[in-house]
Each structure stands twice: as structure tokens, then as C-alpha cells.
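Start counting the sequence shown at 2; every next residue gets the next number (this note's numbering). Heads up, the beta-carbon is just placed ideally off N, CA and C, and yes, glycines get one too.
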Amino acid sequence: MARKQPPRIIVGVDGSRTSIEALREAQELAVPLGATVEAWTCWEFPIGYEAYLAMGVDGFARPAEESLEVAVRKAFGPEQPRNVVSRLVHGPARSSLIEASRKALLLVVGRRGHGGFKGQLLGSVSSACVAHAHCPVLVVHAAEKGQHDGSQPSPPVRKTKDLAS
């Protein structure tokens, strides 16, 4: 008999404060559901990348990979939870996350991400995900500095955990 895969919660991560909070919120939701949390960082070649071909693919992928590693550490500290996996995805964030939502229990994104290179992940992406995802979408608003330190679940997560009990 085929072994059933645990439900998947996909999280868009660009290293911004809201994406790190989204990762924490997803983990809080995943535990009682027995779900796997997939931290996705999407990257693309910049326009006119042909001029940078000497850098090779790693020259573009490595900064995104480092950003993902740092974000996961900021979210969870040195001990990454066993149900959290990191995914470095080559492709546009919008379409990649929306496509991933086809096989996800939940898609979690931050309200706003970084501008420039890192801004390719969130911001208008969160709006696109809400409009086009194939599963429910949770858009996380990061607390004001000092308002929520991450040591306790936020009110929406507490309410969801109560409903799941």
C-alpha cells in the first residue's frame, strides 16, 4: 500500500520580516495538522543576464539560497524543525507559488517583501496568490517591532489552533 504523504504548507520566503513571520506562522499551523512546511525562495535570471554568463547559474542562485538559509535561521534559530524543508526554485515567484498551491493544503505569504532582487517574491505576489491560488492563502502581516517577538503564537494562529483541537 502506498504511504500517504503529509499535507504540505508552502511558504513564500524572501528574507523580509513578513516572510520570516509567515514561516513561523506556517510552522505553528503545521504542527497540529502533521503537515510539512516547505519554505520556497524563487529566483530568476535578471533581464539581460547574457552579459553576466561568466558568473554561471550559481552566481545567481547562490544569493537566493543564502537568503533562504538566513531566513530559516531567523525564523527558528539554529535548530530547524524536522517538518520544515527549504526549496530553492528557479522561476517567477507568482507562477511558481500558484502552481505549487495545486498540491498544497495552504499557501502562506507575507503582506510585503523586499524591493529589487528580493522584491521578486512578495508584495504584488501576495495579491496574485490570493486571486489565483488553488488552495487557501494566509497573508501574514508582521507585527510592529516589539509587538510580537515570536515566542507565542499570534492571535490568528491561536484561534486556528483552538479550532483544530
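In whole angstroms, what is the alpha-carbon distance linking residue i and residue j?
{"i": "Phe118", "j": "Cys136", "result": "Any reading at Phe118 needs caution, since the residue's pLDDT is 49, under 50, leaving its predicted position unreliable; the model's value is listed next. When rounded, the distance between both Cα atoms is 27 Å."}
{"i": "Trp44", "j": "Ala65", "result": "6 Å"}
{"i": "Glu39", "j": "Ser87", "result": "6 Å"}
{"i": "Asp15", "j": "Val109", "result": "12 Å"}
{"i": "Leu30", "j": "Phe61", "result": "32 Å"}
Around the Cβ of residue i, are there at least 16 other Cβ atoms within 10 angstroms (buried) or fewer (exposed)?
{"i": "Ile10", "result": "buried"}
{"i": "Ala132", "result": "exposed"}
{"i": "Pro7", "result": "exposed"}
{"i": "Gln35", "result": "Per the sequence shown, the amino acid found at residue 35 is Gly instead of Gln. Exposed is the call here."}
{"i": "Val90", "result": "buried"}
{"i": "Val12", "result": "buried"}
{"i": "Ser97", "result": "buried"}
{"i": "Leu123", "result": "Confidence at Leu123 is low in this model, with a pLDDT of 42, below 50, so the placement of that residue should be treated as unreliable; the coordinate-derived value is given next. Under this definition Leu123 is a buried residue."}
Please name the residue or residues paired with residue i in a DSSP beta bridge.
{"i": "Leu139", "result": "Val109"}
{"i": "Ala36", "result": "Partner(s): none; Ala36 has no beta bridge."}
{"i": "Gly13", "result": "Trp41"}
Give me, in chain order, the residues of the same chain whose beta-carbon lies closer than 7 Å to that of residue i; leave out the 5 immediate sequence neighbours on both sides.
{"i": "Pro82", "result": "Gln28"}
{"i": "Arg4", "result": "none"}
Just checking my contact of residue i with residue j at CB under 8 Å: how many whole Å lie between their CB atoms?
{"i": "Val85", "j": "Val73", "result": "7 Å"}
{"i": "Arg112", "j": "Val140", "result": "6 Å"}
Ignore the nearest five residues each way along the sequence and tell me which others in residue i's own chain have a CB closer than 6 Å to its CB.
{"i": "Val138", "result": "Leu108, Cys130, Val131"}
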